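Number of protein chains: 2
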Amino acid sequence: MSSGITETETVLTLDNINPHVRAAKYAVRGELAVKSEQYRAKLAKGEGKDLPFDTVIAANIGNPQQLDQKPITFFRQVASLLENPLLLEHEDLLTASLGYQKDVVQRARKLLKEVSSVGAYSQSQGAPGIRQSVAEYIERRDGYPSTFENVYLSNGASSGVNTLLHVICANPQTGIMVPIPQYPLYTATLSVLDARCVPYYLDEAANWGTSMAAIQESYDKAKSEGTDVKAICIINPGNPTGASLPADDIQSVLKFAAKNKLVVIADEVYQTNVFIGEFISFKKALRDLQKASPGEYDHIELASLHSISKGMVGECGHRGGYFELVGFHPEVAAEIYKFISIQLCPPVLGQCIVEMMVNPPKEGEPSYALYKQEYDGIFAGLKKRAYALYEAFKKMEGVEVGEPQGSMYLFPTITLPERALAQAKKEDRAPDEFYCFRMLDATGVCTVAGTGFGQKEGSFHFRTTFLAPGTDWTERLVKFHEDFMKEFK
Amino acid sequence: MSSGITETETVLTLDNINPHVRAAKYAVRGELAVKSEQYRAKLAKGEGKDLPFDTVIAANIGNPQQLDQKPITFFRQVASLLENPLLLEHEDLLTASLGYQKDVVQRARKLLKEVSSVGAYSQSQGAPGIRQSVAEYIERRDGYPSTFENVYLSNGASSGVNTLLHVICANPQTGIMVPIPQYPLYTATLSVLDARCVPYYLDEAANWGTSMAAIQESYDKAKSEGTDVKAICIINPGNPTGASLPADDIQSVLKFAAKNKLVVIADEVYQTNVFIGEFISFKKALRDLQKASPGEYDHIELASLHSISKGMVGECGHRGGYFELVGFHPEVAAEIYKFISIQLCPPVLGQCIVEMMVNPPKEGEPSYALYKQEYDGIFAGLKKRAYALYEAFKKMEGVEVGEPQGSMYLFPTITLPERALAQAKKEDRAPDEFYCFRMLDATGVCTVAGTGFGQKEGSFHFRTTFLAPGTDWTERLVKFHEDFMKEFK
């Protein structure tokens, strides 16, 4: 940036750029995250002796491999061969000296046949053979058919959500029902699109499950305001809440969508991060419903999303994901295809990791034992950390949180002392944001304030991942909270 | 898709989805490309004995590695280590038996230190150290300073264009000047944004250079229609035209932008694909201008884009790129940062390949000789093919094209016989589209009709890459054209 720029000198100013971009909010990588990066840079330079912490913990974002999580060996071994296929000419060396099993080599050859080169564009929708693997995974998972024509590979799940909302939002009256609290991708994208967010509150008292009363109320209000409600989004398992929905909740949402002619967008990126109960996909619930009541729910349109970023895979830097369309009109699907074509194709290596995620080594295959050990180890580690953090929160005065159910987050309620509320107001910050800044400054732990996700008026929360290893940082949190409560008592 | 869906049964129909998405056109992956994929699938299944060709040539899209181009060894060796860092524990084996040089290992270690893991999210704007490498490249290229704060890594150049247009287009009156013919990313994105494309014709008679008269005329017309013209896009070297702009043309555009307060968007993804003359960046031309006339052009805002997809790198499947902002207001830059944050970060391996593209092995380093040999070989091969295709076109009656200058395309004019025009009309196709379909059906060669890029009323063109190896396919084209002209004489 040249120095001395003033607003009147530049063509573009805050006042004349796209107001809908300007209105968008995305707290996950907002001011708190930026400040934490500054702390990190300071410490990296060997400065920051004055800081009351020696490491920054990015608990603001589900970024497993930035913290402790090791990538799954099978995925990365195959990826290394995809990147340098010349290694395949040394198969003996790979297997004898470098720890590559036969099935690693076979998978690499199969994927290379599919994509020619990970450096080449694929079809816009993703390589057909990889989409076929995804369809087979969905079939195995749900017990109902899926076809590769309905599978669209994407650049993480985020680009899938972006695509779906772009196509559905027709004008400023279009409304999309979004859970509150929610992952702010939804509200931010709706801002950019100048469409209406129709918020429905999740039920904190019922472990952040869906409340049909709240959904109905929100829908009625929107309709009464002239909103053309077109879709309902559900995040299951929940982000930021971690809630894992039971079958009844899912079927109730589907019935509501059918009755009110809403498209269902099911964000299921945490489908393998479930600690309590089992994950039920919206696709399975829909097919179950259709089977139980033939003819009654045939017209439901469902888009469900998945990703390589979460689960035990945690390959978010590779930007891979997919969505499956169910019941969409072929002409609308063709418009979705055209829209994604404009950005050419999702990263091809990310597509290949999608293939490995949905089709990992099977029992009896040479890489299976290690894969299973790593997968189960990551799962157990996440669960252990979730409970450790849960126990730490239980020790904190005025902090309440339910037992961890799933996803990668805890989202405790905090009851803040009056004097803290007053100080927050003085600093022109939302109370929970004020609390999170204090936490960052005192502990180096970066979280996201509840305001970033939405919450009931007068309630305060924060979201933290439970990805960071060790117990040191949770102890820092306990100590900080004690001091904070003392300071503002 | 369930069978038996009718429009009235689905929530979403062509008539109620986003009309701006529906209005967008993107011919590069349109009907012709879809038909060519069907031919390819047919041939792959061993069917298609009835077809008059035995291979499909995707000359519709600059996708080097789908055709013959081999990736550059250094890039892919480093990438293989980034994917499987455990290989770094076998450095002796890598160097003694697998062809990895010391500098490959060093680069991998350096990049891993920068990104922790290619499976982790980076900062939204891209990893700082990689942006630093880009800034240093720009400095070396132009002889003027650049700082990493102004560099934004992107998901190919396409996402960069998408970001810039999203932020600039404030309302339906916003106008963006776009060259015609153009790469349809621009018009498609403006359609989606419901902003106005302000087309200016390139001068075919002057090797598709810019014509200031045409730019002025287009600008005046837009202003007279109430368009709020905010930016001018230039693609240099040209796509689809291949034109490589001289310094005078570039400075004229910059002066025009300064005079009329336009942001300049310079799409420079083909900057190394130049056969005649030398590439001059808009950044360098701007700094030269500012140096020559101190104070006069200080307020120009320039965004220039580059990519790993083209050049001798050709790693389009990895989706990497960057843009540099010059002279943007910091508050506007902050909005750009927020916008890209919503999609989290560009693929991290793509970021690493950006780093290697801008900072390849240097003379004296162990990988330099092979790198240089591969790089020069690809350059020479592209040039050779460009000229072979040019010679083939010269043989064709009614086909005219200038000497290849740059990029990856030729964009010949075709003069079609009256009877061909009549037949096209009968089939409800644009004449050049009709011609391209006939070409595909007869030869298996997929190109893009001039209508997909825009052209002067009554003129017809098509764009073909010159990436496909061998001369067989150019001979197929010559033969097809002869038959076509005979049929419609």
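Chain order of the listed sequences is A and B.
Counting from 1, position 298 in the first sequence corresponds to residue 298 in the UniProt record's numbering; the numbering is continuous, with no gaps.
Counting from 1, position 229 in the second sequence corresponds to residue 229 in the UniProt record's numbering; the numbering is continuous, with no gaps.
Idealized CB from N, CA, C, for every residue including glycine.
If you're wondering where the values come from, they're calculated on a predicted model, not measured in any experiment.
Euclidean distance between Cα positions of residue i and residue j
i: B/Leu305; j: B/Pro145; result: 17 Å
i: B/Asp142; j: B/Tyr186; result: 26 Å
i: B/Asp298; j: B/Ala258; result: 9 Å
i: A/Gly317; j: A/Gly452; result: 23 Å
i: A/Ala424; j: A/Ser158; result: 32 Å
i: B/Pro19; j: B/Ser191; result: 9 Å
i: A/Thr463; j: A/Gly156; result: The question names Thr, but residue 463 of chain A in the sequence shown is Arg. Looking at the two C-alpha atoms, the distance is approximately 21 Å.
i: A/Val264; j: B/Pro237; result: 45 Å
i: A/Leu477; j: A/Cys436; result: 11 Å
i: B/Trp473; j: B/Ile57; result: 8 Å
i: A/Ile17; j: B/Met485; result: 51 Å
i: residue 493 of chain A; j: A/Val253; result: A question about residue 493 of chain A goes unanswered here, because the residues of chain A that appear run from 1 up to 489.
i: A/Gln38; j: B/Gln405; result: 46 Å
i: A/Lys456; j: B/Thr272; result: 55 Å
i: A/Ser309; j: A/Leu82; result: 20 Å
Chain B within 8 Å of residue i, Cβ atoms only
i: A/Ala292; result: no
i: A/Ser146; result: no
i: A/Ile250; result: no
i: A/Leu286; result: no
i: A/Ser459; result: no
i: A/Ile180; result: no
Cβ-Cβ separation, residue j to residue i (assumed contact under 8 Å), whole Å
i: B/Leu86; j: B/Leu94; result: About 11 Å; that fails the 8 Å criterion.
i: B/Ala127; j: B/Val151; result: Actually they do not touch by this definition, with Cβ atoms about 11 Å apart.
i: A/Ile342; j: B/Ala24; result: 7 Å
i: residue 493 of chain B; j: B/Leu410; result: This structure gives no information on residue 493 of chain B, because the portion of chain B shown stretches from 1 to 489.
i: B/Asp54; j: B/Leu43; result: 7 Å
i: B/Ile61; j: A/Tyr121; result: 7 Å
i: B/Ile280; j: B/Ala247; result: 5 Å
i: B/Arg22; j: B/Leu14; result: 7 Å
Interface flag, residue i vs chain A, CB-CB below 8 Å
i: B/Arg40; result: no
i: residue 490 of chain B; result: Past the edges of chain B, shown from 1 to 489, lies residue 490 of chain B, and the structure says nothing about it.
i: B/Pro347; result: yes
i: B/Ser407; result: no
i: B/Ser367; result: no
i: B/Gly314; result: yes
i: B/Ser36; result: no
i: B/Arg29; result: yes
i: B/Ser116; result: yes
i: B/Ala24; result: yes
Local Cβ density within 10 Å of residue i, reported as buried at 16 or more and exposed below that
i: B/Gly226; result: exposed
i: B/Gly364; result: exposed
i: B/Asp249; result: buried
i: B/Lys372; result: exposed
i: A/Pro64; result: buried
i: A/Asp432; result: buried
i: B/Asp267; result: buried
i: A/Arg361; result: In the sequence as displayed, the identity of residue 361 of chain A is Pro instead of Arg. Flag for A/Pro361 reads buried.
i: A/Ser218; result: buried
i: A/Asp428; result: exposed
i: A/Asp220; result: exposed
i: A/Glu397; result: exposed
i: B/Ala213; result: exposed
i: A/Asp483; result: exposed
i: B/Thr415; result: exposed
i: A/Arg131; result: buried
i: B/Glu204; result: buried
i: A/Ala369; result: exposed
Cβ-heavy atom distance, residue i to the ligand NAP, below 7 Å
i: B/Ser97; result: Here there are no bound small molecules, and the ligand NAP is not part of this structure.
Any chain E beta carbon closer than 8 Å to residue i
i: B/Gly452; result: Absence of chain E from the displayed structure is noted, the protein chains being A and B.
(request) Decide if the segment 312-330 of chain B is in contact with the segment 146-163 of chain B; the criterion is three or more beta carbon pairs, one per stretch, under 8 Å apart. (result) yes
(request) Inspect the CB distances between the segment 463-480 of chain B and the segment 187-205 of chain B and report whether three or more fall short of 8 Å. (result) no
(message) Three Cβ pairs or more, each shorter than 8 Å: is that satisfied between the segment 373-380 of chain A and the segment 162-170 of chain A?
(response) no
(message) For the segment 104-121 of chain A against the segment 111-118 of chain B, do three or more pairs of beta-carbon atoms, one drawn from each stretch, fall closer than 8 Å, so that the two count as touching?
(response) no
(request) Would you check if there are 3 or more beta carbon pairs closer than 8 Å linking the segment 74-86 of chain B to the segment 100-107 of chain B? (result) yes
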